[in-house]
Structure formats: structure tokens, C-alpha cells
Amino acid sequence: MSVAETMRKKLEAAFAPTALDVVDESEQHRGHGGWREGGETHFRVRLVTPAFEGESRVARSRAVHKALEAELAEKVHALALELRTPAEAAAAAKT
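Our numbering applies: residue 213 is where the sequence shown begins, and numbers increase by one.
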């Protein structure tokens with residue numbers, strides 16, 4: 213199973229998202245620090261879930277990092293996060 217698939221499964225289990233994108237952006241970082249042949253080192257996660265209601269941006273990030281702890285320790289060099297509640301995602305879509 214790819215790193216992206218593993219991350220997706222863990223995030224689905226931890227947060228029951230209404231929307232989830234796990235995008236491998238490794239190729240955009242070719243030659244940069246942390247990049248490895250074969251990719252799967254740099255990811256962007258867009259996660260929308262009611263579980264983030266009332267949580268600060270820092271708390272949301274910490275929760276995602278905890279869910280992906282093994283991947284961040286061993287395989288993933290960089291992780292960009294876009295973490296929203298359904299209401300925040302709806303408001304962002306209107307702009």
C-alpha cells in the first residue's frame with residue numbers, strides 16, 4: 213500500500229471526514245531537502261470534518277500529526293495541511 217493510501221485510511225478512521233484529499237506533491241520538490249527517488253515524501257492534506265468544531269488550528273494540526281505519527285517519523289518529510297469544519301469549507305467555497 214502506498215504512503216498516500218495509508219495516510220488516507222488513517223485519516224478516514226480518525227476523523228470520519230466529509231471531504232478528504234491526500235495529494236503527493238513530492239515531484240514539485242525534486243532535488244530539495246527530504247526528497248527521495250520514488251517520491252512519497254511531500255504531501256498536501258485537505259481535510260473537512262465535524263471533529264474540528266471548536267478546535268483551534270493548532271489542536272487540529274496536532275490531531276492530524278498524531279494520527280499520522282508513524283508516517284511522519286519514517287517516510288514523510290513535509291506535510292501541508294488545510295483543515296476545516298464543514299461550515300468553514302462551505303464559507304470558503306462561496307468566496
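C-beta atoms are modelled at their ideal positions from N, C-alpha and C, and glycine is treated no differently.
Since the model is a prediction, treat every value here as computed from it, not as a measurement.
Residue i vs residue j beta-carbon contact at 7 Å
i, j, result
"A279", "H254", "no"
"L284", "V257", "no"
"V276", "E252", "no"
Closest residue to residue i among the options (Cα-Cα distance)
i, options, result
"A263", "R272, K221 and V257", "R272"
"S238", "A275, V288 and P298", "V288"
"R296", "D233, S214, K222 and E283", "D233"
"L223", "S268, E281, A305 and E265", "E281"
Any non-hydrogen atom of the ligand PLP closer than 6 Å to residue i Cβ
i, result
"L232", "The ligand PLP is absent from the structure shown, which contains no ligand whatsoever."
Residue i classed as buried or exposed, judged by whether at least 16 other C-beta atoms fall within 10 angstroms
i, result
"T261", "buried"
"M219", "buried"
Cutoff 6 Å; reference residue i; Cβ partners in own chain excluding five residues on either side
i, result
"T230", "V260 and P298"
"A226", "A279"
Chain-order list of residues whose beta-carbon lies under 7 Å from that of residue i (same chain, five-residue window excluded)
i, result
"A301", "A231 and V260"
"E265", "T297"
Contacts around residue i, its chain only, beta-carbon distance under 8 Å, and the 5 residues preceding and following it disregarded
i, result
"E286", "none"
Could you name each continuous alpha helix (DSSP H) segment of 4 residues or more that falls completely within the segment 262 to 298, going from the start of the chain to the end? 269 to 279 and 281 to 286
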